[in-house]
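J.: The structure follows.
There are 2 protein chains.
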Amino acid sequence: MSKYKAYFIDLDGTIYQGNKKMPSGKRFIDRLKAANIPYLFVTNNSTKNPEDVADNLTKNHDIETSADQVYTSSMATADFLKTIASPDKKRVYIIGESGLRDALINADFTITSDENADFVVAGLDRAFNYEKLTTATLAIQQGAQFIATNRDTNLPNERGMLPGAGSLISAIQTATQVEPTVIAKPEIPIMDGALNKLHINQQDVVMVGDNYNTDILAGINSQIDTLLVYSGVSTPKQISQMVQKPTHEVETLDNWTI
Amino acid sequence: MSKYKAYFIDLDGTIYQGNKKMPSGKRFIDRLKAANIPYLFVTNNSTKNPEDVADNLTKNHDIETSADQVYTSSMATADFLKTIASPDKKRVYIIGESGLRDALINADFTITSDENADFVVAGLDRAFNYEKLTTATLAIQQGAQFIATNRDTNLPNERGMLPGAGSLISAIQTATQVEPTVIAKPEIPIMDGALNKLHINQQDVVMVGDNYNTDILAGINSQIDTLLVYSGVSTPKQISQMVQKPTHEVETLDNWTI
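From first to last, the protein sequence lines are chains Y and E. Residues 1 to 258 in the numbering used here are what the first sequence lists, from first letter to last. Residues 1 to 258 in the numbering used here are what the second sequence lists, from first letter to last.
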């Protein structure tokens, strides 16, 4: 019998490395498919739609994936907002890209272009500018609730470690002195949303990832077992110094028996 | 005999209130002029040239002022950079407006448009955007020294409390994990620059302002006496809770004998 009934799986550093394929990642997914074990790719990325994430896996990494196997921080943000927004308070000012915009529109929120908003939702936005920062700041000062998709500080690309959502969110936080509610790993809302999406209980699933500070802490914060794979960000030396260890650690996913 | 040989004087909240005249501010300056006591307006504003600041005082507040009576955080930044830059390392990437750009060009620095820079100097920039944030981030990651004109979190205007330089600087700091050297009040470099500009010793001057966290701490940090005037940001109740008090406190500058 399998150890877990379902898997939550990080992407970059776990299943692929940037643009590069990672054969152990593909083999891991192939084994889950063969064993008919449900899984969900849980990503802090807020800019892409689930269809784009699935397309990238299918076309560039030979891992056939459908959009409903993907859960982004934007989808988790929309799911979280649905649980807290009253019917007459659905105006959202967005700092973000199409992944966030589409997720909120699909969840029946009204996107505003000025500070008359019930929520300010901020994620990575490569068209960020002072005017957007100002509108978000004024909206929050006037009472809008401040939600952040994620606080990832950087976005690796070919130019280097570019500013991530966390950088833009720090700007808004400094101007408003308001701390946002954060949705993505390592916070709880994205885990709650992922559990709901797979209709599964927390004791039946394991969170798989390469990054202690996001993937593993997300599991720990939600009482979900964790599997750290040393193919990405975190190193065995770092983990040896942590008080709260991952439930499981493997050098490569090839070493994991599902 | 006068208590002090010279005065450093804050502007907004001390000499005027936004666009509004403050008669006690004008009377204070008139008395300094009549007594022939030198003074310097020391402002955290980094966007304006000293000529513009002097013009605003002369035309809108009836306080005749010349540019050499004004010391902005941009001028202090240029003076500070001159003390630390070697002759072959004078490339500066700027996040800022004309006040900062002009001050650095006047001090013979080379303004770059890409990340090949020896310094990143950041202040308020109402044309701030993700591309500028990225260039600053990459430059600092590649070794450029990170200098901030000031960390004022907000800029009051008719729309509300807009994001200040400190907001933009938080974004860069989050993306780089590098803390900037800050020039303006309450930091020491702007006080050093002001002392140099008036050729005066710290025991002979008093820093006058309405804001404990900028004006008064600037004096305290530089062992300069301070005069807090309760016409702006700080209140007597706040000051009663501070361990380090201003040297002098007055309700209005009319109550101060020069």
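Positions of the beta carbon are idealized from the N, C-alpha and C atoms, including for glycine. Since we're looking at a predicted model, the values are computed, not measured.
#1: Taking the Cβ atom as the reference point for each residue, do Y/V208 and Y/I29 lie within a distance shorter than 8 Å?
#2: Is there a Cβ from chain B that is less than 8 Å from the Cβ of Y/Y230?
#3: Checking contacts by CB at 8 Å: is Y/F128 closer than that to chain E?
#4: Listing by chain order, which chain E residues have their CB less than 7 Å from the CB of Y/M161?
#5: Show which residues of chain Y have a CB atom less than 7 Å away from the CB atom of E/T174.
#6: Would the beta-carbon of Y/E187 fall within 8 Å of that of Y/N154?
#7: From Y/K21 to E/P163, what distance separates their C-alpha atoms?
#8: Between E/A6 and E/L198, which are expected to be in contact by the criterion C-beta below 8 Å, what is the C-beta distance as a whole number of angstroms?
#9: Less than 8 Å between the beta carbons of E/N150 and E/N19, yes or no?
#10: Rank Y/Y230, Y/K82, Y/I140 by C-alpha distance to the C-alpha of Y/D114 and give the top, closest one.
#11: Ignoring anything shorter than 3 residues, give me the beta strand (DSSP E) runs that lie fully in the region 33-99 of chain E, in order along the chain.
#12: Among Y/K48, Y/S73, Y/S66, whose alpha-carbon lies nearest the alpha-carbon of Y/K33?
#13: Closer than 8 Å, CB to CB, is Y/T137 near chain E or not?
#14: Determine, using beta-carbon pairs with one atom in the region 161-181 of chain E and one in the region 208-219 of chain E, whether at least three such pairs fall under 8 Å.
#15: Taking the alpha-carbon of E/I216 as reference, which of E/V233, E/D204, E/I200, E/N201 has the nearest alpha-carbon?
#16: Chain E partners of Y/T134, CB-CB under 8 Å?
#17: With a threshold of 8 Å on Cβ separation, who are the neighbours of E/D62 within its own chain once the five nearest residues in sequence on each side are excluded?
#18: Write down the C-beta distance between E/A165 and E/A148 rounded to the nearest angstrom, noting that I regard them as a contact closer than 8 Å.
#19: Mind checking the region 97-128 of chain Y against chain E and listing, in chain order, the residues whose C-beta falls within less than 8 Å of any C-beta there?
#20: Do the CB positions of Y/E225 and Y/T247 come within less than 8 Å of each other?
#21: Whose C-beta lies closer than 6 Å to the C-beta of E/E249 among residues of the same chain, with five residues either side of it excluded?
#22: Along the chain, which unbroken stretches of the beta strand (DSSP E) at least 3 residues long are found entirely within the region 114-150 of chain Y?
#23: Exposed or buried, E/I84, counting other C-beta atoms within 10 Å across all chains shown (16 or more means buried)?
#24: How do the region 119-128 of chain Y and the region 88-97 of chain Y stand: do at least 3 beta-carbon pairs fall below 8 Å, yes or no?
#25: Give the single residue among Y/A35, Y/R159, Y/Q142, Y/T137 whose Cα lies nearest to the Cα of Y/Y4.
#26: Counting along the chain, where does the alpha helix (DSSP H) carrying E/M191 start and finish?
#27: Check whether the Cβ atoms of Y/L40 and Y/A194 lie closer than 8 Å to each other.
#28: Please list the terminal residues of the continuous beta strand (DSSP E) segment that includes E/L253.
#29: Would you report the Cα separation of E/R31 and E/E51, rounded to the nearest angstrom?
#30: Which two residues bound the contiguous beta strand (DSSP E) that contains E/P236?
#31: When burial is assigned at 16 or more other CB atoms within 10 Å of the CB, is Y/S167 buried or exposed?
#32: Check the DSSP bridge columns for E/M207 and list the partner residues they point to.
#33: Can you check whether the CB of E/A218 is closer than 8 Å to the CB of E/I172?
#34: Going by Cα to Cα distance, which pick from Y/M191, Y/F80, Y/D254 is closest to Y/F146?
#35: According to DSSP, simplified to helix, strand and coil, what is Y/Q17?
T.: In this structure, then:
#1: no
#2: Looking for chain B here will not work: the only protein chains present are Y and E.
#3: yes
#4: Q141
#5: T153, G166, S167, S170
#6: no
#7: 42 Å
#8: 5 Å
#9: no
#10: Y/I140
#11: 39-43, 70-72, 91-95
#12: Y/S66
#13: yes
#14: no
#15: E/V233
#16: R159, L162, P163
#17: K21, K26
#18: 7 Å
#19: D125, R126, A127, F128
#20: Note on identity: in this sequence residue 225 of chain Y is Asp, with Glu being the wrong assignment. Contact flag set, yes.
#21: L228
#22: 119-122, 145-148
#23: exposed
#24: yes
#25: Y/A35
#26: 188-198
#27: yes
#28: It is not in any beta strand (DSSP E) - E/L253 carries neither H nor E in the DSSP assignment.
#29: 23 Å
#30: Where E/P236 is concerned, there is no enclosing beta strand (DSSP E), although the alpha helix (DSSP H) it sits in stretches over 236-240.
#31: buried
#32: E/F8, E/T226
#33: no
#34: Y/F80
#35: strand
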